[in-house]
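A.B. asks:
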Amino acid sequence: ILGGRPARRGSFPWQALTGIHGRGGGALLSDRWILTAAHTIFPKGAAGNSLSLEQLAEEANVFLGHTNVEELHKIGNHPVRRIFIHPDYNPDDEYNFDGDIALLELKHPVTLGPTVLPICLPDATNTTLYMDGHMGYVSGFGVEKNFISNDLKYVNLPAIAREKCQRWLDSKKRDIPMVFSENMFCAGFLSVKQDTCQGDSGSVFTMLDTESGRWVATGIVSWGIGCAKGYGFYTKILNYLDWIKGIIRED
Amino acid sequence: SSPVPRNLFGEIRSPGYPKPYPNNNITTWDIRVPKGYVVKLTFNYFDLEPSQSCFYDYVKIKADKKNLGRFCGRLGSNTGNHPGRRNFISNGNRMHLAFHSDFTNEDNGTVIPYRGFLAYYQAVDLDECDPNNAAEDDERPQCQHFCHNYVGGYFCSCKIGYQLQSDHHSCKVECSSELFTEASGYLSSPEYPQPYPEDLQCNYSIRLQKGLSISLKFLEPFEIDDHQQVHCPYDQLKIQAQGREIGEFCGKEPPGSIETNSNEVDIIFLTDESGFSRGWKIHYTSEKIQCPQPVPLDEFTIIRDPQPVYRFQDYFIVTCKTGYNLMEGKRKLLSFTAVCQADGTWHQPMPHCEIVNCGNPTDLTNGAFSYISKPADNTYQAVITYRCNEPYYHLVTGAGGDRFTCSPEGTWVDQDAQGRIPACVPVCGKPVDPVVEVQR
Numbered sequence: 029i030l031g032g033r034p035a036r037r038g039s040f041p042w043q044a045l046t047g048i049h050g051r052g053g054g055a056l057l058s059d060r061w062i063l064t065a066a067h068t069i070f071p072k073g074a075a076g077n078s079l080s081l082e083q084l085a086e087e088a089n090v091f092l093g094h095t096n097v098e099e100l101h102k103i104g105n106h107p108v109r110r111i112f113i114h115p116d117y118n119p120d121d122e123y124n125f126d127g128d129i130a131l132l133e134l135k136h137p138v139t140l141g142p143t144v145l146p147i148c149l150p151d152a153t154n155t156t157l158y159m160d161g162h163m164g165y166v167s168g169f170g171v172e173k174n175f176i177s178n179d180l181k182y183v184n185l186p187a188i189a190r191e192k193c194q195r196w197l198d199s200k201k202r203d204i205p206m207v208f209s210e211n212m213f214c215a216g217f218l219s220v221k222q223d224t225c226q227g228d229s230g231s232v233f234t235m236l237d238t239e240s241g242r243w244v245a246t247g248i249v250s251w252g253i254g255c256a257k258g259y260g261f262y263t264k265i266l267n268y269l270d271w272i273k274g275i276i277r278e279d
Numbered sequence: 149s150s151p152v153p154r155n156l157f158g159e160i161r162s163p164g165y166p167k168p169y170p171n172n173n174i175t176t177w178d179i180r181v182p183k184g185y186v187v188k189l190t191f192n193y194f195d196l197e198p199s200q201s202c203f204y205d206y207v208k209i210k211a212d213k214k215n216l217g218r219f220c221g222r223l224g225s226n227t228g229n230h231p232g233r234r235n236f237i238s239n240g241n242r243m244h245l246a247f248h249s250d251f252t253n254e255d256n257g258t259v260i261p262y263r264g265f266l267a268y269y270q271a272v273d274l275d276e277c278d279p280n281n282a283a284e285d286d287e288r289p290q291c292q293h294f295c296h297n298y299v300g301g302y303f304c305s306c307k308i309g310y311q312l313q314s315d316h317h318s319c320k321v322e323c324s325s326e327l328f329t330e331a332s333g334y335l336s337s338p339e340y341p342q343p344y345p346e347d348l349q350c351n352y353s354i355r356l357q358k359g360l361s362i363s364l365k366f367l368e369p370f371e372i373d374d375h376q377q378v379h380c381p382y383d384q385l386k387i388q389a390q391g392r393e394i395g396e397f398c399g400k401e402p403p404g405s406i407e408t409n410s411n412e413v414d415i416i417f418l419t420d421e422s423g424f425s426r427g428w429k430i431h432y433t434s435e436k437i438q439c440p441q442p443v444p445l446d447e448f449t450i451i452r453d454p455q456p457v458y459r460f461q462d463y464f465i466v467t468c469k470t471g472y473n474l475m476e477g478k479r480k481l482l483s484f485t486a487v488c489q490a491d492g493t494w495h496q497p498m499p500h501c502e503i504v505n506c507g508n509p510t511d512l513t514n515g516a517f518s519y520i521s522k523p524a525d526n527t528y529q530a531v532i533t534y535r536c537n538e539p540y541y542h543l544v545t546g547a548g549g550d551r552f553t554c555s556p557e558g559t560w561v562d563q564d565a566q567g568r569i570p571a572c573v574p575v576c577g578k579p580v581d582p583v584v585e586v587q588r
């Protein structure tokens, strides 16, 4: 997290620290599911994506319950039973992060408390979530000023209108032909040095639903061109509600 | 003289009959019929020389050492003694006939032929029971009680309670093994209400089926020889039930009614060699033996359709009030029935009722329950409520709510009688320390 602030314990109790292919983030859903980005499990262009999902589940590390990495490790790992990758995600397409969403099912339900609480999913009828300027908070253990953070940070970013995202991206496409699908949104600033960065992938972009008074996850940190050099791009959770609920409810 | 064979009938003819009989002839016949019969003789034809007092020719009939007559003459003659059609009957089984003819049958120089006689005899049954027929007292012993005549004989019998002795005439009281098996009846001392005989050893047994109880009631008059100072020294009436003695009685005061509680009663009556007491009479009855009235052991026990009295083969059913289990010791019963047995006891003891216990309520993951009624009370009608560890979880219940009651079936159920406990569901999006922007 660039340009952010240290998170207090109890402010982002859904924040998970993952260690599958390097550091990543995730968010607790209910008491036994971790929402994260698919590319934290199957990185783009990785030659070694040869392990099966079962093997990856065996080796996955998930930590919950603290804002300090060392303390998180002390608390202990939460073993993963199963991994669900969205079928639209293509690890071989480096320029297209469509379907960058995954679910990890923990072997054992976690006991909730002040430092471990789930994030809500958004209401499917809410049309204001991704409106231009709608502020949200992103937390993560990712890079800050070229160093990977040992403490959870958070930053307050606005969602950006699609046209602005596309326009900005088009200005960069000559070098990098990234795909901005309808299952994504972008957020952040063009000039303010506030953004998410490497290591924050999989963490959730959250907003406070003023009607219900609950924090809801509207995006998943997915990709960007550098860090704090423009907008960051996030998986649009609203488009994946059926997929998420289908997996969670079936269980 | 020729004895006549012991036939039941026969014919006797004068010598030469039907030709005139010879002179100077004496012929006798000794008629015998079997014992038990008498001889009946009748003359079909009689024609002898008539004379005064039958001096000349005659037939003399004798029986039982008596002369039954001396006969002579012919029908229509003025002199003589014609027997006519008379029946000559002996008292015993013998009759003697003697025929005598003198030296001539001449009358005024004329010989008159007299043909003689033709007689028939038959054996006639002797009614030995008719005292008028007694011939010789020492030959014919009398029946002590009853005499029964039959053709050719007789036999004796005795009154009820007496036994014919070996001489077939005398009777002696037989009461050593009198058995009564009817549900009710009467029994008394011999000859009652006449004085009872001496030297009695009577034993009256009442035997009824198991489950019946015999009651004895003494009737008036009651009279057994006694003594003022010594208890029943002469004659005794003892009553026993199933081997144990209920009492020994004598005197003039009847014992009244006795409940034996037994289906087997023996009444022993012993008398000595003298006395003129009138004896006793008992009316016995029986009814099904009674069992004790069942009494519940606690206030939760219900005896279905209680009866005022329970007797042999009756039964009762026990249930418990709602919320209570039937228990026999520590064992739970599904039902209970007790039957009154033949010995007046119930075939199994009364159970008791224990309050239903639902056991500890199911623990709620990420939550807890608390008792509303009484702490740690898991018995019938106890109430608990579930809650979750708030604010991290919230309670999701069925339509029956979060309150559970211990049911009569021994399970915790909600208001819809469902047993499934609620669930604690995670509360999302409610951090305890949400980010709050201050500076603007």
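Respectively, the protein sequence lines represent chains Z and E.
My numbering puts the first residue of the first sequence at 29, with every later residue one more than the last.
My numbering puts the first residue of the second sequence at 149, with every later residue one more than the last.
Ideal Cβ positions, reconstructed from N, Cα and C, are used throughout, including at glycine.
If M147 of chain Z and W243 of chain Z are in contact, beta carbons under 8 Å, what's the gap, nearest whole angstrom?
C.D. replies: It is worth fixing the name first, because residue 147 of chain Z is Ile in this sequence and not Met. Between W243 of chain Z and I147 of chain Z the Cβ distance is about 6 Å, and since that is below 8 Å, they are a contact.
A.B. asks: Taking Cβ positions, are G53 of chain Z and T46 of chain Z nearer each other than 8 Å?
C.D. replies: yes
A.B. asks: Please state if the CB of A271 of chain E and the CB of T190 of chain E are separated by a distance shorter than 8 Å.
C.D. replies: no
A.B. asks: Enumerate, from N- to C-terminal direction, the unbroken beta strand (DSSP E) stretches of 3 or more residues contained entirely within the stretch 493–546 of chain E.
C.D. replies: 500–503, 515–519, 531–536, 541–544
A.B. asks: Just how far apart, CA to CA, sit E239 of chain Z and L132 of chain Z?
C.D. replies: 29 Å
A.B. asks: Compile a chain-ordered list of the residues in the stretch 148–181 of chain Z whose CB is closer than 7 Å to at least one CB of chain E.
C.D. replies: C148, Y165
A.B. asks: Any beta-carbon of chain E closer than 8 Å to the one on V90 of chain Z?
C.D. replies: no
A.B. asks: Does chain Z have any CB closer than 8 Å to the CB of G507 of chain E?
C.D. replies: no
A.B. asks: Mind checking H316 of chain E: buried by the 16 CB within 10 Å criterion, or exposed?
C.D. replies: exposed
A.B. asks: Please list the partners that N514 of chain E has in chain Z, where partner means a Cβ-to-Cβ separation under 9 Å.
C.D. replies: D59, P137, T139, L140
A.B. asks: What does DSSP give as the partner residue(s) for N215 of chain E in the beta ladder?
C.D. replies: E:K210
A.B. asks: Out of E:S353, E:Y534, E:H379, state which residue places its alpha-carbon closest to the alpha-carbon of V331 of chain E.
C.D. replies: A small correction: the amino acid at residue 331 of chain E is Ala; Val does not occupy that position in the sequence shown. Looking at the Cα atoms, E:S353 is the closest of the given residues.
A.B. asks: Establish whether the CB of L269 of chain Z and some CB of chain E are separated by less than 8 Å.
C.D. replies: no
A.B. asks: According to DSSP, simplified to helix, strand and coil, what is A490 of chain E?
C.D. replies: coil
A.B. asks: Over the uninterrupted alpha helix (DSSP H) stretch that includes Q388 of chain E, give me the two end residues.
C.D. replies: Q388 of chain E -> not in any alpha helix (DSSP H); beta strand (DSSP E) instead, spanning 384–389.
A.B. asks: Residues in the same chain with beta-carbon distance under 6 Å from K208 of chain E, minus the five sequence neighbours each way, listed in chain order, please.
C.D. replies: Within the same chain, and ignoring the five residues on either side of K208 of chain E in sequence, the residues whose Cβ sits closer than 6 Å to its Cβ are R218, A246.
A.B. asks: Under three-state DSSP, which class holds V186 of chain E?
C.D. replies: strand
A.B. asks: Looking at the C-beta of C501 of chain E, does it have a partner C-beta in chain Z at a distance below 8 Å?
C.D. replies: no
A.B. asks: Give the DSSP bridge partners of M475 of chain E, in chain order.
C.D. replies: E:K480, E:H500
A.B. asks: Do I437 of chain E and L360 of chain E count as a contact pair if the criterion is CB distance below 8 Å?
C.D. replies: yes
A.B. asks: Per DSSP, which one or two residues make a beta bridge with Y182 of chain Z?
C.D. replies: Y182 of chain Z pairs with Z:R33, Z:S167.
A.B. asks: Helix, strand or coil: which one does DSSP assign to Y344 of chain E?
C.D. replies: coil
A.B. asks: Hey, is V244 of chain Z's beta-carbon within less than 8 Å of any beta-carbon in chain E?
C.D. replies: yes
A.B. asks: Using DSSP with H/G/I as helix, E/B as strand and the rest coil, what is R195 of chain Z?
C.D. replies: helix
A.B. asks: From G32 of chain Z to G567 of chain E, what distance separates their C-alpha atoms?
C.D. replies: Within the model, the alpha-carbon separation for G32 of chain Z versus G567 of chain E is close to 51 Å.
A.B. asks: Going along the chain, which residues of its own chain have a beta-carbon closer than 6 Å to the beta-carbon of C306 of chain E, five neighbours each way excluded?
C.D. replies: H293, L312, C319
A.B. asks: Tell whether a beta-carbon distance below 8 Å holds between F417 of chain E and S337 of chain E.
C.D. replies: yes
A.B. asks: Among E:G548, E:K578, E:C576, E:D581, which one has its Cα closest to the Cα of I569 of chain E?
C.D. replies: Closest option to I569 of chain E, Cα to Cα, is E:G548.
A.B. asks: Would you kindly work out how many angstroms separate the C-alpha atoms of L335 of chain E and E371 of chain E, rounded to a whole number?
C.D. replies: 15 Å
A.B. asks: Could you have a look at V97 of chain Z and say whether DSSP puts it in helix, strand or coil?
C.D. replies: helix
A.B. asks: Would V249 of chain Z pass as a contact of Y259 of chain Z if the rule is Cβ separation under 8 Å?
C.D. replies: no
A.B. asks: Find the residues of chain Z that neighbour D453 of chain E, judging by a C-beta separation of less than 9 Å, and give them in chain order.
C.D. replies: For a Cβ distance threshold of 9 Å, nothing in chain Z lies close to D453 of chain E: the least Cβ distance comes to about 57 Å.
A.B. asks: Report the rounded CA-to-CA distance for S219 of chain Z versus R190 of chain Z, giving the unit in angstroms.
C.D. replies: Using only the alpha carbons, I get a separation of about 18 Å.
A.B. asks: By the 10 Å Cβ neighbour count, where 16 or more other Cβ atoms means buried, how is G507 of chain E classified, buried or exposed?
C.D. replies: exposed
A.B. asks: Is DSSP giving S603 of chain E helix, strand or coil here?
C.D. replies: No statement about residue 603 of chain E is possible, as the shown extent of chain E runs from 149 to 588 and does not include it.
A.B. asks: Give me, in chain order, the residues of the same chain whose beta-carbon lies closer than 8 Å to that of D285 of chain E; leave out the 5 immediate sequence neighbours on both sides.
C.D. replies: Per-residue confidence for D285 of chain E stands at a pLDDT of 49, beneath the threshold of 50, marking its modelled position as unreliable; no derived number is given.
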